Amino acid sequence: MAEKTYLQAISDGLRQEMQHDKRVFVIGEDVGVYGGAFKVTLGFQEEFGPWRVIDAPLSETAIVAGCTGAAIMGMRPVAEMQFADFISCAWDHLVTVAAKQRYRAGTPVPITVRLPSGGGFSGGPFHSQNPESSFAHIAGLKIICPATPEDAKGLLANAIQDPNPCLYFEHKHLYRRIKAEVPDERYTTPFGKARTHREGSDISVITWGAMVYTADEAASELESEGLSVEIIDLRTLVPWDKAAVLESAAKTSKVLVLHEDTRTGGFGGEIAATIAEEGFEDLDAPVKRITAPDTPVPFSPPLEKAFIPQVEDVVSGLRDLAEY
Amino acid sequence: MATDTAIDVVMPQMGVSVSEGTITKWLKNEGEEVAADESLLEISTDKVDTEVPSPGSGVLLQILVPEGETVDVGTKLAVIGPAGSAPPAPAPAEPEAEAPAPETEPAPEPAPEPEPAPQAAAPAPTAAPAAPTDGATDGKTFVSPVVARIAAEHSVDVNAVPGTGRGGRVTKKDILNFIEQGPPPAPAEPEAPAETPAPAAPAPAEAPARAPAPAAPVAAQQGETLEPMNAMRKGIAEHMRRSLDTSAHVTSAIEVDMSQVVAIRSKLKNEYQSKFGVNPTYLIFVARAATETLLEYPWINGEIRGDQIVTRNYVNLGFAVELADGKGLIVPVVKNAEGLNLLGMARAVTDVAERARNKQLLPDDVQGGTFTITNPGGYGTFHGTPVISQPQAAILGTYAVVKRPWVVQDELGEDVIAIRPIMNLTLTYDHRLVDGALAGRFLRDLREKLEAWGEDKY
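In the order they appear, the protein sequences are chains G and P. Per our numbering, the first sequence starts with residue 1, numbered consecutively. Per our numbering, the second sequence starts with residue 1001, numbered consecutively.
Take a look at the structure:
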């Protein structure tokens, strides 16, 4: 065990998988010589050589299409999008080919796409999005959203070993800000098993990614007022741990669904609907959502702050539920 | 087997002592198709909670008894008709011109059922106190799903609960606190003089009211907690009282030197556990020996039926199994125990006990017993006077095996004190049928069988 940043944990996990399995290779823009825009693959080309750490041309389409082909031929590619936002260029290959190949032809497509996502740095509309919900809607793709360094490593390893296309959303705001103990050895964290980030009895917050920490700060603030908040970190959206959410909802009877993505069509709607369908008789208040508004992510720092759910937004949402 | 004509679904007989059952859930709606043996509804009796399979395939035409009602065994619950048949039109409340009911055929009106046992005592919880009346802020604006559910489960009137939520809404916490603490001490209302001391002699008018009288709403005093009785607890209460009112209970006890059984059990234990996955408990040995002894004492394995004495050439052994941490009891029956050797008995008892704890018993598993064994000795008790499971004639109690100083004879015929594992057995019998001498002989023979248990005996 050693204390690592979220970013180091991703880097270590990727390196270990590459050391362990020769079929694993990395491809992306500037991942080789430059070591990646965020330096996740720094030193990888020296260690594994240019054939396993490939600098691709500026074409997400080529990257994802190349990965899909390589995967069908038996490789285990790990693609890096420089920013998650750019994956829309590769939509067709990802959604039409990779996601459906196994269903159509029975061929596994074990690709992992690393997607640095999320805002908080005035990155503006092209460098700040959390597009996980768009892809959660596509049958055949798995959606991974780690919040802790330990999960970041274990879930990445599991994604690489999974026979299906996995979209791995790594939150840029957590890269160097979040540090925690990470096991040194190789391990996997299973998909579809939520993690109770904080136990509580009055209100449940269902969330994932960077919002776990926003929720945690809000919960700490309210703890002094005698409010006990439970935080469920979903870890993966496809598959998602319905049982854990329903169990927590049954326990507290009040649920806040929190995500950084925009509201309409966001994955929070799916969670709220499921609780309404399957946990209706456990509810003591309407399921509440706190999300970004339905706009592009603004450049302006004050506007971006207004866009991304902040601790004070969550505090007031939780208060509202408590008082209901 | 598809049905050609309408068939009735009736409340099944779930056990000899069971006379009624509660519909807990309909699994099919009116008009829905149902296959033969497909689960149609869930019922709860004092013995088991179980599903009732459809007696035929077709369409569930009509549900006659709604969820939550308790009805007698044999009561018609529903009608299943041939596939494609339509449920009977609901009797029109007002004359409707369109109703194409042929005049000749009287509409199959749901026969007014003989009003079953009075419905659960408490008044149906008023689920939602409707819309806020004329803007009056009486505080009770909305009942959330979870509060409505808890109120229904505990028969609590939501309007009586003080609300602390927004606008005085009753929150989950409010109702849970309310249930836990009981309602606040009622402001002494000048009520009907319910408190007036009852006349010394029971009013004769009350005597025939044997039916479960709709209990007056019970109020908890300071420091008390109210908890509704579940169906099983009600059933146990009724059966225990009825048994004591029926049989003339007498108990005899005997001490058994279990040395032989202990020795053989320790030899068999590993083999039974590793090969067969069952444990040869003392209870199994007692059950085997009791079965053999019962064949020699048919009256103790018998029953009084009217003015006849019933005896049998078989033994159906009931075993009292505790449930839910001692807060429930069920008596599954091992049928034809006389055909089981030690291993067979161990398997059969393990099987029914496991299924009892996992709620997987079938109605057949809890009926037809001819004799019962109860084993409170697991907790170290050395004596007891259990209550007979009606309509049987006796119940055997087995108690803790305890090492005691025991006078035995050595090889020279001299009395010496030895340490022996001793188990007490009690036979509680219905003195109407079984006399003390007969019970004594039965216990004597049972002891001899256990004390003389040989390695060749299975």
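Beta carbons are placed, not taken as given, at the ideal position from N, Cα and C, and that holds for glycine. Computed from a predicted structure; not experimentally measured.
Open item on the list: Classify P:G1440: buried if its beta carbon has 16 or more other beta carbons within 10 angstroms, exposed otherwise.
Closed with: exposed
Task: Stretch-stretch touch, CB-based, cutoff 8 Å, three pairs: the stretch 250-262 of chain G with the stretch 279-290 of chain G - done: yes
Open item on the list: Distance cutoff 8 Å, beta carbons only. Does G:L222 sit that close to anything in chain P?
Closed with: no
Open item on the list: Which runs of the alpha helix (DSSP H) at least 4 residues long sit entirely within the stretch 1143-1174 of chain P? Give them in chain order.
Closed with: 1145-1154
- [ ] May I ask you to report which of helix, strand or coil DSSP gives P:S1019?
- [x] coil
- [ ] Identify every residue that forms a DSSP beta bridge with P:W1026.
- [x] P:L1041
Task: Straight-line Cα distance separating G:P302 from G:G140 - done: 38 Å
Open item on the list: Given a cut-off of 8 Å on the beta-carbon distance, is the pair G:D282 and G:A322 in contact?
Closed with: no
TODO: Determine the burial state of G:I271: buried for a count of at least 16 other Cβ atoms within 10 Å of its Cβ, exposed for fewer.
DONE: Label assigned to G:I271: buried.
Task: Where P:H1383 sits in the DSSP three-state scheme - done: DSSP places P:H1383 outside both helix and strand once states are collapsed to three, so it counts as coil.
Task: Closer than 8 Å at the beta carbon, the chain P residues around G:E281 - done: P1145, V1146, A1148 and R1149
- [ ] Please name the residues in the stretch 283-299 of chain G whose beta-carbon is closer than 7 Å to at least one beta-carbon of chain P, in chain order.
- [x] L283, D284 and A285
TODO: Use the C-beta contact count for P:N1029: other C-beta atoms within 10 angstroms, 16 or more gives buried, fewer gives exposed.
DONE: exposed
Open item on the list: Taking CB distances under 8 Å as the criterion, tell me whether G:S88 reaches chain P.
Closed with: no
TODO: Going by CA-CA distance only, name the one from P:D1410, P:L1362, P:S1044 and P:T1370 that's closest to P:E1069.
DONE: Ranking the options by Cα distance to P:E1069, first place goes to P:S1044.
Task: Buried or exposed (CB count within 10 angstroms, at least 16 for buried), P:L1244 - done: exposed
TODO: Would you check if the stretch 1388-1408 of chain P and the stretch 1366-1377 of chain P touch, i.e. whether three or more CB-CB distances between them fall below 8 Å?
DONE: yes
Task: Inter-residue Cα distance where the pair is G:D320 and G:A218 - done: 13 Å
Task: Per-residue DSSP class, three states only, for G:V205 - done: strand
TODO: Determine the direct distance from the alpha carbon of G:T196 to that of G:T112, and round the result to whole angstroms.
DONE: 26 Å
Open item on the list: Let's see if you can read the secondary structure: which residues bound the beta strand (DSSP E) around P:D1008?
Closed with: Residues I1007 to V1010.
Task: DSSP beta-bridge partners of P:L1323 - done: P:G1328
Open item on the list: Rounding to the nearest angstrom, what Cα-Cα distance links P:F1142 and G:L174 in this structure?
Closed with: 42 Å
TODO: List the residues of chain G that P:T1171 touches, going by C-beta distances under 7 Å, in chain order.
DONE: What P:T1171 touches in chain G: D284.
- [ ] Determine, using beta-carbon pairs with one atom in the stretch 80-97 of chain G and one in the stretch 55-62 of chain G, whether at least three such pairs fall under 8 Å.
- [x] yes
- [ ] Examine chain G for any beta-carbon lying closer than 8 Å to the beta-carbon of P:G1165, and answer yes or no.
- [x] yes
TODO: Return helix, strand or coil for P:D1072, following the three-state DSSP convention.
DONE: strand
Open item on the list: Just list the residues that DSSP pairs P:E1033 with in beta bridges.
Closed with: P:V1059
TODO: Give the single residue among G:G269, G:W240 and G:I203 whose Cα lies nearest to the Cα of G:S316.
DONE: G:I203
Task: Below-8 Å beta-carbon distance, G:Y213 vs any chain P residue - done: no
- [ ] Count the other CB atoms, across all protein chains shown, that sit within 10 Å of the CB of P:T1428; report buried if there are 16 or more and exposed otherwise.
- [x] A residue is called buried when at least 16 other Cβ atoms come within 10 angstroms of its Cβ; P:T1428 meets this threshold and is buried.
Open item on the list: Let me check understanding here. Comparing Cα to Cα, which of P:T1050, P:D1008 and P:W1453 lies closest to P:L1064?
Closed with: P:D1008
Task: Cβ-based neighbour list, G:P146, same chain, cut-off 6 Å, excluding 5 preceding and 5 following - done: A152 and L155
Task: Buried or exposed (CB count within 10 angstroms, at least 16 for buried), P:M1229 - done: exposed
Task: Listed by chain order, chain P residues near G:S253 by CB distance under 7 Å - done: V1146 and K1172
TODO: Would you mind telling me which residues of chain P sit closer than 9 Å to G:E323, beta carbon to beta carbon, in chain order?
DONE: Near G:E323 (Cβ distances below 9 Å), the residues of chain P are G1165 and R1166.
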